[in-house]
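Chains as they are written, first to last, in my numbering: chain A, 1 to 594; chain B, 1001 to 1315; chain C, 2001 to 2203. Using N, Cα and C, we set each Cβ at its ideal position, and we do this for glycine too. Every value quoted in this text rests on a predicted model; they were computed, and no experiment measured them.
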Amino acid sequence: MIEATYNGVHHEEHQGELSFVRKYVFSTDHKVIGIQYGLTALVLLFFGFCLMMLMRWQLAFPGQPLPIGFLSKWLGDARMPGGIMAPEFYNQLGAMHGTIMIFLGVVPLAVGAFGNYLVPLQVGAQDMAFPKLNMSSYWVYFIGGVIMLCSFFVPGGSAQSGWTSYPPLADVTPQSHSLFTGQSMWLTGMVFLITSSLLGSVNTITTIVQLRAKGLTWMRLPFFVWAQLVTGFLLLLAFPPLEAAGVMQLMDRLAGTSLFLPSGLVVGGKALNVSGGGSALLWQHLFWFLAHPEVYVLILPAMGIVAEVIANNTRKPLWGYKSLVYSVIFLGFMSFIVWAHHMFLTGMGTSINAFFQTTTMIISVPSIVILTALILSLWGGSIRFNVPMLFALAFLPMFGIGGLTGLPLGLASADIHLHDTYYVIGHFHYVVAPGTLFALFAGIYYWFPKVTGRQLNDALGKIHFWGSLICMNGIFLPMFIQGMAGVSRRLYDGGSSYLHAQNVLVLNKGMSYSAWALAVFQLVFILNFFWSIFAGRKVTSDNPWEATTLEWATPTPPPHGNFLKVSEVFRGPYEYSVPGAKRDFLPQNEPPEA
Amino acid sequence: MLEKLLGLPISASEHAARVDRLILFVHILMVVLFVGWILFFFYTLIRFRKAKNPVADYTGVKTHASSYLEATVAIVEVLLLVGLSIPFWAWKVSAFPTDPNTVHIRVIAQQFAWNIHYPGPDGIFGRTDIKLVDEQTNPIGLDRKGDPHAKDDIVTLNQLHLPVNRPAVIEITTKDVIHSFFLPVMRVKQDAIPGMLIPIHFVPNKTSDQLREDEAITVTLPTSKSIDSYVAMEDYKAKDGSVLVKKGRSIGAETAAKLVENGVTQVRIGPRYAAEIACAQLCGLGHYRMKGYLTIDTEEQFKAWMQDQEDQLGD
Amino acid sequence: MSAAIEIPYNSTERPDTGLYNAKLGVWLFLSSEVMLFGALFSTYVLLRTGSETWEHGAQFLNVPLATINTLVLIISSVTMVMSWASLKMGSLGKFRLYLGLTILCGAIFLVIKGFEYAHKFEVGLYPSTSTFMALYFTMTGLHGLHVIGGMIVNSYLWGPGSRMWQTDPQRFTNRIEVAGLYWHFVDLVWIFLFPTLYLLPGK
Ligand code: HEA
Ligand code: HEA
Ligand code: CUA
Ligand SMILES: [Cu+2]
């Protein structure tokens, strides 16, 4: 049957029958969908960054008019009265920056783009298990994104209660039963985004379980595939409670229920006209039950990419492959029982608190095991410092800083002081920005030749790398100092009215300059990206990095159906520098010599 | 000293040292790990670069030393957890002071202010009812007419006074959305959640005057720094001996000019409010300005302040 | 899109996992549905334990109608199984009959539910009336949406989708099995909703 299929591919290519729309817009080919995801996510990532650059002006120079006149004018008086940012607008930007970065940027890029493009290739499949479902998951994501973006333009502007949308604030901001308010649209958008992720995860998991090529046993799967598998389960099981919570908050906002509103609220001097009897903390439990696993959704695919790039560029197998796999599975399980470490200060008793502190400390161990294994993998290698490798290497200490600063937050008694300060902001940006984003950059530089047939420019890549590394640290390192000093997050004026912030206020300027400089280095990347698509150096081989995993056994770029012949796998994923072998890499699909 | 090392705010409560110590210990662990890893990391990168090591070694690291390292980290984490963090939490949520001298206070947060509610001389909080809320005259809806216990209650806006060295128990709630009651110098933070009344306790051990002394800075006049929120730490006199600014008074632009005229260019100033209440949870567009003031009084100062408040109730 | 790519294990089972793709897919999907309704039931428990009083659903919800609805859904689950069995025995006609009955049962359920809703509104019970009513409308509403979704899928399989019976009967039978699993799940959710909302005494 499979034989027949491959004939089918050839047949189709002869006919060239697909219309442009079917081929590039409503395509069911996992690679096209992956690229759609990737481009959309990159654009939105950059957009999320732009929101932040605007905020960083207000943080560095609170109350001063934006020097870019036409931008203030375009944003209008409701948002930038007299060119000075309104507090409401600051809060909108903050909430939307968080939401866009996480749900419209990194997750679609790490899971939607990399997962979609690579998982079928790495397991030797011709496509995802459910191609139509795959297409719909992209379009559902797209609609969710459009709803989110449109919400900027409704009266009152977008959501402004943080990406965490805690009620009662989110229930009553603004107080309106209309669907066309920022918060209600945020919730609606989230329902779409969650649905999209659910469809995607069903697809990824099924593909990995069912469509593995002959001989590709579990312990021969590339680590990237394992990471995607665990990620799939996190999305599958953690997202629905937020979907339920989102629907309930919509009920509160649209139908006037009070699921999250306790009795006796007085808002703006008036008793709130609702039945009461709800619970504000209920939302937090449902939200963090999703959002903690969510943060591992942000990091696991990144770890997977880093593992691939490191194995390839050290020219040796990953150290402790099995411990990596077991750790990532364990991490997946544990991530469901640490959520309340975001809620230490909501009035918990000792035993519940002790439970969540302990699970949080436990969950740090598998991360340490994974990172240690990756660092030890370098030992004995023959390390090539190309651009993907630089990004992957930088990921290690950057994630290290982010992860280590998670420890004081996880110890509840230390979190008393650090909770909701810039320390938290610093912690998680180290893991998501110079952590995850760097891993994603590594992945883009690494797989670009497979997708386009051309290399990204090396020199520009190095400028992009060093510039980003320095600027990222310039932005996020001072946050720990501010956080220690007790500066709260989400402050419209960056803390300038607080006494305890006075000594660390100047840092705001340096951070902002770093952020804007970072943007300049991203322009280098964007330039490189588009220039290389059309004029980059052509690769001469289907396997330019001399890698071992199956995606490199395809033509470049891989055609519809991916492989020219049925894949069969004979060995583990990282057989580099095998003693006695002719070359320093043995592709998974190369039959052993008799 | 701990706080200086870590860049924490000044500490002014008995338990602060316990929090700071935990923060310090965990940071020592972090720094040791990070430095160890990063040294190994760079050493490896240099030693095994392609130019130096053209052929990779299939096996790589052969020892299992890393397992011991991981186990050690886990053990240290357990020590911090069991030795410091969990016991502190148990103290925080259950070891409420039984001392009869304890000050009892309620804090009712609202967008964007802190209502501080003292029970008054009778020591009993009066009844509150949301129907009685009037933002101007009665922000917490105290039933002064109906409940005899409410008569002597004191409600202040954004002004929290505590006597030094006496335990304070503060019950925290909110009228509207979630806020977070944060006293940086006390190492106290507690979310204010609607529908819940959450108690916290601590013992302030430094007065505002002492804190002001600790936080005093010397500025050179004329200065571009905004010193509106500062007061002079000592009397500054003109050449003729007349006092230009008294200790504890603020130095306006005019006085500053006069001081310079009289050759006083170095002045020591301290913050008028040596400690603040910050809101740590996003609570709407005014979150950033939801600031209150904490004053730690000596016993006499506190009594006097209380009396003052009671007197104001009278009229 | 094109028939060119034939994904393996669409109609046959993969030997080492013992599953065909759609079956694994639907089980995964259902596990996420369990989390969805799990969150709603947890909400019910949390809000109920957190409040001083709680309504007894039977006092203002229509228990007889809901009992009928429970029976209707149980019958529809039986007919759903029969439609699958009919395909197994090779009879498209019987399959049509039973699946048609399943869809009909779904419709009856919704109509009855519609009457219940309408009555609530008439007597002035809205989602905003109380926490109980909020949960009642949210949970039954979301369940209702699931019923509608199931009916749409079933209708497709009854009508245009059944053409596959001619080209790939095995795969078509699988589809009915998978649709059936989903339908049973929706049924099961109701079996939990009914006692929770209608029968549990208040406090
Ligand atoms: C990718 C995302 C990600 C990751 C991986 C983590 C990882 C961890 N996080 Fe973090 N976290 C977030 C994203 C993430 N977090 C976000 C977004 C928030 C804020 C949400 C909000 O409020 O808006 C948050 C907030 C947050 C809090 C709540 C703080 C508060 O609000 O008060 C806590 C508390 O326990 C916490 C703990 C941890 C811990 C213990 C880990 C551990 O898993 C970390 C374990 C890792 C290590 C210990 C590092 C080991 C490193 C090495 C071995 C490498 C060293 C290498 C070299 C030097 C070369 N996190
Ligand atoms: C994945 C998550 C993620 C990422 C990547 C980032 C990235 C960044 N974040 Fe953000 N951030 C959050 C998630 C994230 N953030 C969240 C959840 C919050 C909390 C919100 C809340 O309070 O509710 C937050 C809050 C937050 C704050 C605090 C605001 C406040 O409390 O008031 C600040 C302040 O400086 C900040 C800054 C930045 C900066 C400078 C970056 C930079 O690192 C950005 C770097 C961006 C890029 C490098 C863009 C890359 C894209 C391209 C180069 C495009 C290429 C395009 C093509 C080729 C087509 N973020
Ligand atoms: Cu109140 Cu922030
Ligand atoms: Cu977390």
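In chain B, what lies closer than 9 Å to residue i by C-beta?
{"i": "A:Asn91", "result": "Leu1282, Gly1284, Leu1285 and His1287"}
{"i": "A:Ile368", "result": "Leu1033, Leu1069, Glu1070, Val1073 and Ala1074"}
State the DSSP-derived secondary structure class of residue i, mapped to helix, strand or coil.
{"i": "B:Ile1010", "result": "coil"}
{"i": "B:Ala1278", "result": "strand"}
{"i": "C:Phe2060", "result": "coil"}
{"i": "A:Gly69", "result": "helix"}
{"i": "B:Trp1114", "result": "strand"}
{"i": "A:Gln15", "result": "With a pLDDT of only 43 at A:Gln15, under the threshold of 50, the placement of this residue in the model should not be trusted; the figure read from the coordinates follows. If DSSP states are grouped into helix, strand and coil, A:Gln15 belongs with the helices."}
{"i": "B:Glu1171", "result": "strand"}
{"i": "B:Pro1271", "result": "strand"}
{"i": "B:Ser1180", "result": "strand"}
{"i": "A:Ser351", "result": "helix"}
{"i": "B:Ala1109", "result": "strand"}
{"i": "B:Arg1144", "result": "coil"}
{"i": "A:Met1", "result": "Note that A:Met1 has pLDDT 32, beneath the 50 cutoff, so the model's placement of it is unreliable and no number is given."}
{"i": "A:Tyr422", "result": "helix"}
Mind listing the chain B neighbours of residue i? Cutoff is C-beta to C-beta under 7 Å, in chain order.
{"i": "A:Gln357", "result": "Leu1081, Ser1085 and Ile1086"}
Since I believe residue j is in contact with residue i (beta carbons under 8 Å), could you give me their beta-carbon distance rounded to a whole number of angstroms?
{"i": "B:Arg1187", "j": "B:Ser1066", "result": "Not really, about 36 Å apart at Cβ, beyond 8 Å."}
{"i": "B:Arg1268", "j": "B:Met1233", "result": "4 Å"}
{"i": "B:Val1155", "j": "A:Ala414", "result": "About 34 Å separates the two Cβ atoms, so there is no contact after all."}
{"i": "B:Phe1181", "j": "A:Leu378", "result": "Actually they are not in contact, since the Cβ atoms of B:Phe1181 and A:Leu378 sit about 47 Å apart, beyond 8 Å."}
{"i": "A:Pro449", "j": "A:Pro544", "result": "5 Å"}
{"i": "A:Gly246", "j": "A:Leu198", "result": "Contact doesn't hold; Cβ gap of about 13 Å is too wide."}
What does residue i touch in chain A if you count any residue whose Cβ is under 9 Å from its own?
{"i": "B:Leu1045", "result": "Leu378, Ile383, Phe385 and Leu393"}
Do residue j and residue i count as a contact pair if the criterion is CB distance below 8 Å?
{"i": "B:Asn1101", "j": "B:Val1164", "result": "no"}
{"i": "A:Met248", "j": "A:Ala159", "result": "no"}
{"i": "C:Ala2118", "j": "C:Pro2127", "result": "no"}
{"i": "A:Gly232", "j": "A:Ile194", "result": "no"}
{"i": "C:Asp2187", "j": "C:Ile2074", "result": "yes"}
{"i": "A:Ile597", "j": "A:Asn313", "result": "With chain A covering 1 to 594 only, the question about residue 597 of chain A has no answer from this structure."}
{"i": "A:Val325", "j": "A:Met389", "result": "no"}
{"i": "B:Met1196", "j": "B:Thr1218", "result": "no"}
{"i": "B:Ser1094", "j": "A:Thr358", "result": "no"}
{"i": "A:Leu51", "j": "A:Leu104", "result": "no"}
By the 10 Å Cβ neighbour count, where 16 or more other Cβ atoms means buried, how is residue i classified, buried or exposed?
{"i": "A:Ser275", "result": "buried"}
{"i": "B:Lys1175", "result": "buried"}
{"i": "A:Gly98", "result": "buried"}
{"i": "A:Ile363", "result": "buried"}
{"i": "A:Tyr574", "result": "buried"}
{"i": "A:Pro592", "result": "exposed"}
{"i": "B:Ile1086", "result": "buried"}
{"i": "B:Pro1121", "result": "exposed"}
{"i": "A:Val146", "result": "exposed"}
{"i": "A:Ala4", "result": "Any reading at A:Ala4 needs caution, since the residue's pLDDT is 37, under 50, leaving its predicted position unreliable; the model's value is listed next. Result: exposed."}
{"i": "C:Thr2102", "result": "buried"}
{"i": "A:Ala78", "result": "exposed"}
{"i": "B:Phe1025", "result": "buried"}
Given that residue i touches chain A, what residues does it touch there, using C-beta distances under 7 Å?
{"i": "B:Ile1193", "result": "Ala280, Leu281, Thr346 and Gly347"}
{"i": "B:Ala1257", "result": "Residues of chain A passing the Cβ test: none, with the nearest at roughly 24 Å."}
{"i": "B:Thr1218", "result": "In chain order: nothing, as chain A lies at least about 15 Å away."}
So which residues of chain B does residue i contact, with C-beta pairs closer than 8 Å?
{"i": "A:Arg571", "result": "Neighbours of A:Arg571 on chain B: none; closest Cβ ~13 Å, over 8 Å."}
Starting from the beta carbon of residue i, find every residue of chain C whose beta carbon is closer than 9 Å, and list them in chain order.
{"i": "A:Ala245", "result": "Ala2039 and Thr2043"}
Give the residues of chain A in contact with residue i, contact being defined as C-beta atoms less than 8 Å apart.
{"i": "B:Glu1135", "result": "Gly269"}
Self-check item: Short-range partners of chain E found in the region 190–201 of chain A, where Cβ spacing is below 9 Å
Solution: Of the protein chains in this structure, namely A, B and C, none is chain E.
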